[in-house]
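Encoded as structure tokens, the structure appears first; notes follow it.
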Amino acid sequence: MSNISIGNDLKDSYTETRKWVIGNTKWLQDLSSFYHERSKLEREYGEKLAGLTKEYFGRKSNSTVVLSVGETPTITPGSLESASQVAWNEVLSQTENVAKDHKRLAKEMQTQVADQLTALEKRCDLILNTIDGFNHELVNKRDYAYSCLEKAKKRYDESCQAMEAARQKQSKSGSSSKAQRKVDEKEHEMNIAKNDYLIQINQTNRLKDKYYFQDVPEALDLLQDLNESRIRVLNSIWRRASDLEREAHKKIDERLSAADDVVGQNYPHLDTSMFIKHNFREWKEPDDYQYVPSPVWHDDETFSVPSDVELHDLKIRLAKAQNSYNRLQLVVHDEMSTLTQLNKKKQEMKLNTAVDPYEFQELLKKYLATVSSFTTHETSKLEAEVEIESIQNNVGDSHDLSKEGLDISRRFKKSSMFGMFKRATAPRSTGGNDDISEMSVDIASKSSPKHHGLSLFRSKRIRAQSTESSGMQSSTMDDSSSMMSISNEEHKGGNRVLFPYTKQDEDEVTIAPGNSIVLLRQDDGSGWVKIRNVSTQQEGLVPSTYVEINEHQSIGKPVPRAPPPRKGAAPLKTVTAIYDYSAQDDDEISIRAGDVIKVLRGDTGNGWTYGEVNGSKGLFPSNYCN
182 MSNISIGNDL KDSYTETRKW VIGNTKWLQD LSSFYHERSK LEREYGEKLA
232 GLTKEYFGRK SNSTVVLSVG ETPTITPGSL ESASQVAWNE VLSQTENVAK
282 DHKRLAKEMQ TQVADQLTAL EKRCDLILNT IDGFNHELVN KRDYAYSCLE
332 KAKKRYDESC QAMEAARQKQ SKSGSSSKAQ RKVDEKEHEM NIAKNDYLIQ
382 INQTNRLKDK YYFQDVPEAL DLLQDLNESR IRVLNSIWRR ASDLEREAHK
432 KIDERLSAAD DVVGQNYPHL DTSMFIKHNF REWKEPDDYQ YVPSPVWHDD
482 ETFSVPSDVE LHDLKIRLAK AQNSYNRLQL VVHDEMSTLT QLNKKKQEMK
532 LNTAVDPYEF QELLKKYLAT VSSFTTHETS KLEAEVEIES IQNNVGDSHD
582 LSKEGLDISR RFKKSSMFGM FKRATAPRST GGNDDISEMS VDIASKSSPK
632 HHGLSLFRSK RIRAQSTESS GMQSSTMDDS SSMMSISNEE HKGGNRVLFP
682 YTKQDEDEVT IAPGNSIVLL RQDDGSGWVK IRNVSTQQEG LVPSTYVEIN
732 EHQSIGKPVP RAPPPRKGAA PLKTVTAIYD YSAQDDDEIS IRAGDVIKVL
782 RGDTGNGWTY GEVNGSKGLF PSNYCN
């Protein structure tokens, strides 16, 4: 019976289970009060001790049903009691039998029994508060997903209404080109809003499934583990009380041994079994959300990509989702490994009746902290995964979703300091350029290539290979051989362009993969490097992470003065760490939960922020902070 689980058997029953756990935890106040009063009665001897046991028999009679099966059971227990209540009944009975023999135990009873029960209640309350916070976070995430879906539906309806209004206005104004452009613009906005609505539906449904079949059962199992750990500690305290009595009164050893035998049969899972049996009810999974067309613009649930405007929006979303997925996959994998180890140890401790119950509660706290972080990261990873699937499965067969020609640099300001992040070799494909082989350089810099798991969602389309013969190598980084085939004559010193970049200021230069470049000035810490584009005979600045430089600064030219700071720098701000993080590389910093970190360079979309804490400067994970 050690494998029973409230989370598996009682669906969506956090409130009922929590009340049950709270009731059993508050019950510790009765136990603590009992032993406290008993220590006093030990001084007054037998009669008063007998009266006290009688009083607590009455309390037990009034609370045994609630403590055994909860406040709202589906099946009344009748005369049945939980194993803990049976054990408690035996303790009271034996106490009544030996009431006349206990007088010298007052001090031991107070310090080693009553106080320990109070401490146990406080520990259980602390753990319960943490579990409540975890459940509250799960509910908030679920409700937020529902809210996002409602907002997406509202935006879609509004865009449909705007489209219809523009169409009616055009029909009244005739074939005006301006009116037609307005209609086209509103149609694009409507289609984008529709696609966002469809994605939100998919995400909400998947998050709903995760909430009811993974998150809620996990929270329920945590409540179960807390209650069972309380029983373990409670059993140890009862045994200690019995030991004290044995040491003081060996002549009543037989009676106390009888109490121990009953307590020894109070396995933590027995109370859980009885609670499940008397609270089991049928539960129906909530229905999935479905696409609901606008009342003013009838449409179906297919993605709308009639032009490059919608396709470009989906490409950007796909690229962002892929970057998020790559970043989170390693984090989730590591946390899952840790959870597996902790869960294995937890199961072993639950099977071992000789294990220290306090050690089990410490393990439970570690597990709770880890599963909270894991759930947050896995939820974010699931959102990215569903977004990738939604776009590729619904758009990929009829449109080219490749990143070729997509200049993601336009979505960031130069003040983000491209050069402050670690440079990494561009990822390589092993059989062609599939749609997701070109991963973000920022993500690649923090991840091992062997862990990228996006192959599960890769489109099976292969982009057409260029058949034109020219002196310039392919700009799409097909594989390692194509990347190394560029001669030193074409790229002096082995320099090469990793990603396309379009100039945005007069002092910059446009580059594209395959261009031959020559270094003019190294990155001075600003994140920008000055180069000459031999292919276009132009000079200027480019982000240092968009090129790979394998030569020293050109000899024979004086070193120019450092340029003034790039315009558009973000205002100074701070963030607060919510998780601990230990630096893995020399350019990172360690942070601790509660640290206030000064942000020197904001997150550019790769998941890392550059900041200062305690006099140290470096990178730290953005999602570890508020």
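Each residue of the sequence shown is one higher than the last, beginning at 182 in our numbering.
Just so you know, even glycine gets a beta-carbon here, dropped at the ideal spot from N, CA and C.
Spatial distance of ALA280 from HIS430 (CA atoms): Approximately 11 Å, taken between the alpha carbons.
Reduced DSSP category for THR790 - H, G, I as helix; E, B as strand; rest coil: DSSP places THR790 in the strand class (E or B) of the three-state scheme.
Reduced DSSP category for VAL490 - H, G, I as helix; E, B as strand; rest coil: VAL490: helix per DSSP, three-state reduction.
Proximity below 8 Å, CB of ARG224 to CB of LYS284: Cβ distance < 8 Å, so ARG224 and LYS284 count as in contact.
Heavy atom of the ligand FAD within 7 Å of VAL272 beta-carbon: Here there are no bound small molecules, and the ligand FAD is not part of this structure.
Residue(s) in a DSSP beta bridge with SER357: DSSP output for SER357 lists no bridge partner at all.
Environment of ASP616 [buried if 16+ CB atoms lie within 10 Å]: Below a pLDDT of 50, predicted positions are generally treated as unreliable, and ASP616, at 37, falls in that range; the measurement from the model is reported next regardless. So ASP616 counts as buried.
GLU271 classed as buried or exposed, judged by whether at least 16 other C-beta atoms fall within 10 angstroms: With 16 or more other Cβ atoms within 10 Å, it is buried.
Pairwise C-alpha distance: LYS207 and ASP402: Going by the C-alpha atoms only, they are around 20 Å apart.
C-beta atoms of GLN342 and VAL477 nearer than 8 Å: Yes.
Local Cβ density within 10 Å of ALA264, reported as buried at 16 or more and exposed below that: The residue in question, ALA264, is buried, as its Cβ has 16 or more Cβ neighbours within 10 Å.
Beta strand (DSSP E) runs wholly inside the segment 334-391, at least 3 long, in chain order: Taking only runs of at least 3 residues, no beta strand (DSSP E) segment lies wholly in the segment 334-391.
Supposed contact pair ASN714 and ASN731 - C-beta distance, whole angstroms, cut 8 Å: Between ASN714 and ASN731 the Cβ distance is about 17 Å, and since that is not below 8 Å, they are no contact.
Close beta carbons around ILE256, own chain, < 6 Å, minus the five adjacent residues each side: So the qualifying residues of the chain are HIS459.
TYR470 versus ASP390 - alpha carbon distance: Cα to Cα, the separation comes out at about 11 Å.
With 16 other Cβ atoms within 10 Å as the buried cut-off, status of ALA535: So ALA535 counts as exposed.
Inter-residue spacing [alpha-carbon to alpha-carbon] between ARG387 and CYS806: Those two C-alpha atoms are separated by around 26 Å.
Supposed close pair ILE187, THR453 - CB separation, criterion 8 Å: Right, their Cβ atoms sit about 7 Å apart.
In DSSP terms, what GLN719 is bridged to: In the DSSP assignment, GLN719 is bridged to ASN714.
ASN189 classed as buried or exposed, judged by whether at least 16 other C-beta atoms fall within 10 angstroms: Classification for ASN189: exposed.
Closest Cα partner of GLU262 within the set SER244, SER274, THR276: If we check each option's Cα against that of GLU262, SER244 comes out closest.
Coarse secondary structure for TYR805, derived from DSSP in three states: Residue state for TYR805 is assigned as helix, using DSSP reduced to three classes.
Separation of GLY577 from LYS798, as counted between CA atoms: One C-alpha to the other measures close to 43 Å.
Inter-residue Cα distance where the pair is GLU466 and LYS192: Each residue's alpha carbon lies about 9 Å from the other.
Nearest-angstrom Cα separation, counted from ASN507 out to HIS808: Coverage of the chain is limited to positions 182 through 807, which leaves residue 808 absent and any answer about it impossible.
Through-space distance from LYS200 to SER260, alpha-carbon basis: Cα-Cα distance, rounded: 22 Å.
C-alpha distance - LYS527 paired with ASN310, whole-angstrom precision: Looking at the two C-alpha atoms, the distance is approximately 21 Å.
The alpha helix (DSSP H) enclosing LEU679, as first and last residue numbers: From DSSP, LEU679 is part of no alpha helix (DSSP H); its letter is neither H nor E.
LEU191 (DSSP reduced to helix, strand or coil): DSSP places LEU191 in coil when its eight states are reduced to three.
Spatial neighbours of ALA268 in its chain, beta-carbon cut-off 6 Å, leaving aside the 5 residues before and after: For ALA268, where only same-chain residues beyond five positions count, the Cβ hits under 6 Å are VAL443, VAL444, ASN447.
Option in LEU800, ILE382, LYS359 with minimal Cα separation from SER328: Ranking LEU800, ILE382, LYS359 by Cα distance to SER328 puts ILE382 first.
Coarse secondary structure for LEU800, derived from DSSP in three states: Strand.
Residues that DSSP places opposite TRP709 in a beta bridge: Answer is PRO724.
Residue from ALA287, MET344, ARG498, THR521 with nearest C-alpha to ALA422: Measuring C-alpha to C-alpha distances from ALA422 to each of ALA287, MET344, ARG498, THR521 identifies ALA287 as the nearest.
Three-way DSSP call (helix, strand, coil) for ALA206 in this model: As written in the sequence, residue 206 is Thr, which differs from the Ala given in the question. Three-state DSSP puts THR206 in a helix.
Endpoints, beta strand (DSSP E) assigned at THR276: No beta strand (DSSP E) contains THR276, which is instead part of the alpha helix (DSSP H) from 264-278.
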